[in-house]
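Asker: To start, I am sharing the structure in question, which I have written as structure tokens.
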Amino acid sequence: MRRPIFLSIVTIISVSLMVVSNEARQSRASLALHQVDENLYMLANAPSVQGMGGGGNTAIFVTSSGVVLVDTKISGYGADILEQVRGITDLPISTIINTHTHWDHSGSNVEFSDSVNFIVHENTLSHMSRPTCNDGAGYRGGSITNCESFKGDNSKYLPKTTFSTRTSLFSGIEQVDLYYFGRGHTDGDTFVVFKEARAMHTGDMFARRGLPYLDVDNTNGSAIEFGLTLEKAVAGIAGVDIIIPGHDNILRTWDDFVNYSGFYNDLLTKAQTGLAAGQSPEEVIEAYTVPQRYSDFEVTEQRLAATVQHISDGR
């Protein structure tokens, strides 16, 4: 088995300013470009960035005919992504895959050419094309689904290529496999596998080493099915060594992903067992402790409370 090779990390400090919807200028987040394999990169927030920064991690994959992006960060970062692509190749961006609909992963879609082939899970397209976008949970009070970005003339950026359970792009050493295993963070989470590089972008099904944000209210995510979806991914995907997480600013390993599934499902089992025995959500939370084998996973009070409440509600 070829072992993962973590190549040099190039930190790019951006000192430019941005304008979003003619609002006040603000400092841009610093980004870091990590080379995963010969033709595969991860563009992430620099280690110094606190909070959301530029949004979710972007994968950059160079093929013989064009560049494939996975996720486009928050609104206003299209030029930043393109700048990093141009430091790698002069080939055009031909394909953009969104792991899910959220504004911090699809925010800059409309800043690229409308000739790009946008690809998403069919449920993600349903969220992107919603007629109303007034949940207020997204960027600057917009929709968490980012659906307002695709209205009017920008409807041309709505993906025209979708899949249901699995599909493959390209062939040979350029093959990219897309998997869907069920509800979790949302109801349209895609796992993107770069076959030759033995690498996978997980989106926010593995955002970082901690409890996930579960978008139950807006995009039909599920605290209960999140665990099952992780288990299906672990069992159903082979040949991966390197993980590009949804937000974590360093590359992870397949073992990290497997342990993440174990960590989450341990909590799920404990919560379901406690609730079935008559405990309240508050009692389940009070009784929960992180097993020693998962001690490097973060559990915040807010995420723990939200997760247990969703489980209690059967959601």
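The sequence shown begins at -19 in our numbering and counts up by one.
Where a beta carbon is used, it is the ideal one built from N, C-alpha and C, also for glycine.
#1: Which partner residues does I223 have in the DSSP bridge list?
#2: Given this structure, state the Cα-to-Cα distance separating A215 from L149, to the nearest angstrom.
#3: Please report the straight-line C-alpha distance between H14 and V100, rounded to a whole angstrom.
#4: Thinking C-beta only, is I153 closer than 8 Å to V16?
#5: Mapping the DSSP letters down to three states, classify Y274 as helix, strand or coil.
#6: Please return the same chain residues whose Cβ sits closer than 6 Å to the Cβ of M91, not counting the five positions on each side in sequence.
#7: Please state if the CB of T182 and the CB of N126 are separated by a distance shorter than 8 Å.
#8: Would you kindly work out how many angstroms separate the C-alpha atoms of S1 and S129, rounded to a whole number?
#9: With a floor of 4 residues, list each alpha helix (DSSP H) that falls wholly inside the segment 127 to 192, ordered by position along the chain.
#10: I'd like the list of long-range same chain contacts for E3, defined as Cβ closer than 7 Å, with 5 residues on each side in sequence excluded.
#11: Enumerated in chain order, which unbroken segments of the beta strand (DSSP E) with a length of 3 residues or greater are wholly contained in the segment 42 to 78?
#12: Would the segment 229 to 245 and the segment 182 to 198 be scored as touching if the rule is three or more Cβ pairs under 8 Å?
#13: Please state whether the Cβ-Cβ distance between T79 and V42 is less than 8 Å.
#14: Among residues of its own chain, excluding the 5 on either side of V270, which ones have a beta-carbon nearer than 7 Å to its beta-carbon?
#15: Run the CB neighbour count on E18, radius 10 Å, all protein chains shown included, and call it buried at 16 or more, exposed below.
Answerer: With the given structure in hand:
#1: M180, R232
#2: 22 Å
#3: 24 Å
#4: no
#5: helix
#6: Contrary to the premise, residue 91 reads as Glu rather than Met in this sequence. Cβ neighbours of E91 beyond the five flanking positions: G58.
#7: The answer is no: Cβ separation not under 8 Å.
#8: At S1, the pLDDT of 33 sits below 50, so the modelled position is not reliable; the number obtained from the coordinates is stated separately. Those two C-alpha atoms are separated by around 11 Å.
#9: The qualifying runs do not exist here; there are none.
#10: Because the pLDDT of E3 is 36, which lies under 50, any placement of that residue in the model is unreliable, and the question is left without a value.
#11: 47 to 50, 73 to 77
#12: With the cut-off at 8 Å, the segment 229 to 245 and the segment 182 to 198 touch.
#13: no
#14: F277, V279
#15: exposed
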